[in-house]
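Below is one structure; the comments refer to it alone.
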Amino acid sequence: MDKSIFLTVLAAGLFSWGGASPVLAQSPRPPGEVRAADFPNDAGDAVRVEWELSPDDQPQPAERLVVAYEILRREAGEEAFTRIGEETYQTRSFKDDGCTPGASYFYQVVALGPDGARSPAAAAGSPVTPVMQYFDFSQFWFGVILLIVGGSVIYFIQLARSGRELKVRPIAGLEAVDEAVGRATEMGRPCLYVPGILDINDMQTLAGVTVLSRVAGLTAEFDARLDVPTCRSLVMTACRETVEAAYLGAGRPDAFNEDSVYYLTDEQFGYVAGVTGKMLRERPAACFYMGAFFAESLILAETGNAVGAIQVAGTAMPSQLPFFVAACDYTLIGEELFAASAYLSGESHQLGSLKGQDVGKVLGGTLVVVGCLLSTAAVLTDAALLNQVLSYLTDHVLGNQGW
Amino acid sequence: MSRSGWIWTALMVVAGIYLLVRLATGGMGLVYVQDQPVEVQEPGQESWSRAVGVDPKRQGEAGVRVSWSRTVGTWLAALFTLCILSFLYGDNPLYKLAEAVFVGVSAGYWMVVGFWTGIVQNLFSKLAPDLIRSSLLPGLPESQDQELIYLFPLLLSVLMLMRLSPVGGWISRWALAFFIGATAGIRLLGYLQSDFLRQIQSTILPLVVVGSQGFDFSASLQNLTIVVGVLSCLTYFFFSIEHKGVVGGVSRLGIWFLMITFGAGFGYTVMGRIALMAQRLEFLADDWLWVIDPASRRLGM
Amino acid sequence: MKRTLPLLIAAVTGFVLIGAHFVPYTQSWGEEAMIWFDILAAIAFILGGANLVRLNLQKISDRRAGWGYAAVTVIAFFLTLVVGMAKMGVHPSAQFPQFAWSGDYVQEGSSFWFIYQYAFYPLGATMFALLACFIASAAFRAFRAKNTEAIILLSTAFIVLVGRTYAGTALTGWMPEALQFDNLTGTIMNVFNLAGNRAITIGIGLGVVSLSLKILLGVDRSYLGTEE
Amino acid sequence: MNLTEFFRNLDRRWIFLLMLLSILIPLLFGLRFPESPSPMVLNVRSAIEELPEGSDVLMAWDFDPASRGELSPMAAAFVRHCAYKKHKLYFLTLWATGGPLIQESIDILNREFPGYEYGRDYVNLGFRPGGEGVIKVVVGDLKKLFANDVDGTSLDELALTRNLKNIRQMDLIVNVSAGYPGTKEWVLYAATPYDLEIVGGTTGVSAPSLYPYIPGQLTGLLAAIKAAAEYEQAVIDLYPALMENDTAQEGLRRMGPQLLAHMLVILLIVAGNVIYFWERRKGVAS
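See below:
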């Protein structure tokens, strides 16, 4: 047997013989003061345990003497402490979320060294009893802002429903729609309308269908040919109804051709192949892409460009907007698509919710301006009061600290 | 046969000969595996070994062998890759075939995964824990008791599946309504907190930054740009006032900010798509054809 | 009954979850509802599969154009389904060798894993790789600097495309540091893109709030479909 | 036929071919360029590096094979970096197609870090359906959804997860995502409401829309393949032993094709516009 191993074993034997701890490695010193307190704003099932680091737990030691902390708990009336969790070194707190509301608990924290060495336990001074709260005050301001924003949406929808006329600014892109249909008429070539590739339950598709009613109205009026390939059968149904109504509204129900609105396929790339094939054959003079688009946006816009069409697009898909903006003549960006649809449809809930969102933007803009001014003033003057107001605004009103 | 037909036939023949020569000489597209015994933790049970894919350069080592099924798989994967790439030449039957396979496989894949992870794990194991523990999921914790409240989601599931029946499909709307209502509620909270409140919180910046060395011009300018940018873009998306005069000017600034944003998005998207193509071409050249060896997996072969 | 009850269910579920967020005792309700939601999400996969089969079988029985491909889809679907549900080629897990079904459904070497690795993966990955080529073609034929907006967009794209490769360092290394394309790209992303996207994000946030409210209040019922 | 006509009628398949070649040629010749990590990448690295050894890190791999080309270099670099720091790793995915991609990461641990033991140092929780719904649950009670690991072993029987209540116990969330559900959802439903630290790695398509969350709600972000390459370099700078490991440099070698292809795209945009404006001027003149 190697000599040193022999000595170690001997030493271990002597130690255990003497009734001392059988642990070979040196035990770390215990953590400092341990505090346990009820966790605020919860259902009374959690306690936060905090401790001061063991003096042996240094941030960048040559050799780690503390590798973890073990948290032990004893419920009043129980005999022994049981282990409830472990935290790594340099950590100062633990959340015990396995408590029963109303029960009393005692806590201990033990510093663990390498090879299972344990420090003596440091205990929290007094027992702690978790209490249940009925309202989560950390969410107070969040609730207030929810009420303001949500309330104004509901208020404006009700206002619009009651017959009050709400104004939305004209959308520049819609003029481009008129111009494009006019040019297609002059050239005697068809207009192509693509309502996106999502189903009818998507907001963007719905907005696209509303814009289609405008386009169809114009083609009916100018007697231009309209072509609407769809990617979903339900969208086809909705588009047919819309186009028929638009032709009726323009006094040209006879000119409505049901087959001009048709379903191709649900498959993304299959649909694109179908649409672009049709574009190359029929060379439409105006192409409209309004709705939800994914990777196919680029292929569509590129083909439209190749056949020399005027292209107007509208989508709320942020990742596809760059391609539409770069390749189309006019693009309705994000919310503009919804605004355009609200503007055209005049439906009360659409207009009302637009107005409600505008209130939210004013609220947001005001908070930003006030906050920035406060923060700038706080930097320039370094006044304690300003800093307090600012941190209340950012951490409590806008943050998670609540009331 | 047309001229392009001849050219294609000739190309195919050349490619075929090339593949044959490669196969006959150094080999290509072979997949090696190593059988690693699995230690069964229950005594008396038959143990088995797990085949783990290894680099071809380890072919001489113990337990390393060619896996013919995975070799066929790699060839299949290469063919599928080529079928999809053929769409670049034009829509063709090979592409359509690959697409049809893709659609079928992915629907099947999602369904299988949904069954094992959603229905068995989260529904069956709560309704009949003992049965599941003794059959499909022996590792289900003993602490899992029967939770009869899960009869409710079971009911919703059945309602949802009613959509498949020719009559009474409207009943599925009840389940759908629960689905939609829950999503709406949770999204409302999440988006208002993260996308509205927290975004405003992050935009509250001091317009004058004083660092350790006094006034920090570039940081101040940066903060100012962010604040002006956010406010002017919000103005652009403000629909209650017409874009005239000052508002018009500010919203014009806003659209320029948006254009820079889109330009950045454009650049990043292009970057991403190219990376995907590079990965596919690398698969063809490295894993299948063995003409390059960027990860030194066949070093010395 | 057909329309009112669903509206009521949606409204009650949504508003209860919103209210529950503010009461500590009920905050876990959201969790519970989410588990149910997760189960329904799994059921939705079944619906999706069934729908696909129905559409394609219809195509086959009508002998519509391309019905052969529809048959391929159906075969691929059922093959994947059977292989996955039966856990074909899956060894039991090492901990529970006596339970034949205890292995992972997509264990390396199993039949389901084979389909994933050698069909699903190459097909999906290549599908999106195609776009690299379409972008190149669009770059040549469609992206025109036709107005101020497009000029700004394309110039930004130019800086980002150069700046996000070694060319940015190599070609613009002689410029003042702030104008070197790799640093400029950083500024664009961290300042301009951040501002623009933040405004878009705030807009989307408000949009989601108002859409959710409209759904819960029954103003927007598009999810109920058009058929009565 | 004059030049403009030639370009206008040019078959786009020639452009496709150019693009394929510009990617293939650097690939075949193994073209590589040096990378110097940007401040954002260094932020991400220090988020992992400055955690004490053995911290709990959630590895949320929310991507599919379709975006593997962009994201697996990041995922692999994250795994290696965490393994050097001896962090405890908890893998899960919200994408049905993500399970085997977690296995790829675990294969790296098995191959390169023999000290890593399953159930003690890392665990594979696998996939659960439900998107953000899953996140909402695991921030409160992980075992309600994940009672077992991917092999069906009860989490109560694994040393690593025995005392795991929810992911609020994590010291860091590392999320690699290709869209929905992904980084945005982790930020929205986990990091923001509970002030958890999170770093992300995403595709080029979704990266720009995540910048607004930096740094308040998202500590750092690896955006697309370039950031993956820089991060690989940043980890190599700390652990030079990785220099010898060719598989740890997937992102770095992708930057060769990337450079040539970017140049091609720029060239095509410029050429297209030159022809366009030349034609327009000719049109005006005549």
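Residue numbers (my numbering), protein chains in the order written: chain L, 58 to 460; chain B, 2 to 302; chain A, 3 to 230; chain H, 351 to 636. Note that CB positions come from ideal geometry on N, CA and C, so glycine has one too.
Leaving aside the five residues that flank L:S150 on each side, the residues in its chain whose CB is nearer than 7 Å to its CB run, in chain order, R105, V106, E107.
Less than 7 Å divides the Cβ of H:L377 from the Cβ of B:E283. Checking the DSSP bridge columns, you'll see L:D284 partnered with L:L249.
By the CB criterion at 7 Å, A:V162 and B:G268 fall inside the cutoff.
The stretch 247 to 258 of chain L and the stretch 383 to 390 of chain L do not touch, with fewer than 3 CB-CB distances between them shorter than 8 Å.
Nearest to H:F413 by alpha-carbon distance, out of H:E594, H:A598, H:A528, is H:A528. Per DSSP, L:S150 is one residue of the beta strand (DSSP E) stretching across 150 to 153. Within chain L, the residues placing a beta-carbon under 7 Å from that of A:H23 are Q196, ordered along the chain.
Annotation for L:L401: L231, T267, V268, S270, R271 place their beta carbon closer than 8 Å to its own, counting only its chain and skipping 5 residues before and after.
Within the same chain, A273, A277, P310, A312, F313 come within 7 Å of L:Y304 by CB-CB distance, once the 5 residues on both sides are set aside. The alpha-carbon of B:D131 is positioned some 14 Å away from that of H:A497. With respect to the 7 Å criterion, L:I356 and L:D386 are not classified as neighbours on the basis of their beta carbons.
The DSSP-derived three-state label of L:A100 is strand. For L:Q165, the enclosing beta strand (DSSP E) covers residues 162 to 169. The three-state reading of DSSP puts B:A129 in coil, since its state is none of H, G, I, E or B.
Taking C-beta separations shorter than 6 Å and ignoring five residues to either side along the sequence, the partners of B:G54 in its chain run V34, following chain order. Remark: fewer than three beta-carbon pairs, one from each stretch, lie closer than 8 Å, so the stretch 410 to 424 of chain L and the stretch 284 to 302 of chain B are not flagged as touching. For H:R382, the CB contacts under 8 Å within the same chain, skipping 5 residues up- and downstream, are L602, R603, M605, G606 in chain order. Among the CB atoms of chain B, one or more fall inside 7 Å of the CB of A:M87.
When the beta-carbon positions are compared, H:V549 and H:A397 come within less than 7 Å of each other. Taking C-beta atoms under 8 Å as the contact rule, L:I254 and L:Y320 fail to qualify, at a distance of about 12 Å. Within the same chain, Cβ atoms closer than 7 Å to the Cβ of L:C344 are found at L249, G361, A366, Q368, the five residues on either side in sequence being excluded.
Distances from the alpha-carbon of A:F39 to those of B:G186, B:T226, B:V247 put B:G186 closest. Straight across, the Cα-Cα distance linking B:L206 with L:S432 is about 6 Å.
Among the bridge pairs identified by DSSP, L:I390 is matched with L:T372. If you check each beta-carbon in the stretch 274 to 285 of chain B against every beta-carbon of chain H, the ones closer than 8 Å belong to R274, I275, A276, L277, M278, A279, Q280, R281, L282, E283.
Inter-segment contact for the stretch 448 to 461 of chain H and the stretch 487 to 496 of chain H is absent: fewer than three beta-carbon pairs are separated by less than 8 Å. Taking a beta-carbon distance threshold of 7 Å, L:Q147 counts as an interface residue toward chain H. With a threshold of 7 Å between beta carbons, A:G51 makes no contact with chain L.
Closest in alpha carbon position to A:V92, among A:V74, A:F80, A:V85, A:S112, is A:S112. One Cα belongs to H:A541, the other to A:E34, and the distance between them is close to 20 Å. DSSP places L:S111 outside both helix and strand once states are collapsed to three, so it counts as coil. DSSP places H:G570 in the uninterrupted beta strand (DSSP E) bounded by 570 to 573.
Per DSSP, L:E132 is one residue of the beta strand (DSSP E) stretching across 125 to 132. Proximity of A:Y27 to chain L, defined by a Cβ-Cβ separation below 7 Å, is satisfied.
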